[in-house]
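Have a look at the structure below before the remarks.
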Amino acid sequence: MPKIKSKSAAKKRFTLTGTGKIKRHHAYHSHILTKKSTKRKRNLAYSAIVDRTLEGTIKKTLGLC
Numbered sequence: 145m146p147k148i149k150s151k152s153a154a155k156k157r158f159t160l161t162g163t164g165k166i167k168r169h170h171a172y173h174s175h176i177l178t179k180k181s182t183k184r185k186r187n188l189a190y191s192a193i194v195d196r197t198l199e200g201t202i203k204k205t206l207g208l209c
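Quick note: the sequence shown uses the working numbering, first residue 145, plus one each step.
Written out as structure tokens, the structure is:
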């Protein structure tokens, strides 16, 4: 059985935590920041955990399943 290739886009966007969850970055934090409040920009800067319903799909694209 050959190894499954991972998608390059998924490699760049997602990382695994030690417990097996998937971390992601928030959108809307790259440009047009002047109209966004400081609180909103600060909360977008932190990483988030991917929802359980999407974990299987993302793990497939990362070549983990």
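Ideal placement from N, C-alpha and C gives every residue a C-beta, glycine not left out.
Under 9 Å between C-beta atoms of residue i and residue j
i, j, result
"Leu206", "Phe158", "yes"
"Lys183", "Leu177", "no"
"Tyr172", "Lys180", "yes"
Which of helix, strand or coil DSSP assigns to residue i
i, result
"Lys167", "strand"
"Leu177", "coil"
"Gly207", "coil"
In DSSP terms, what residue i is bridged to
i, result
"Ile210", "Because the chain in this structure spans residues 145 to 209, residue 210 falls outside the shown range and cannot be described."
"Thr159", "Lys167"
**Touching by the beta-carbon criterion (3+ pairs, under 8 Å), the stretch 160-173 and the stretch 193-200** = yes
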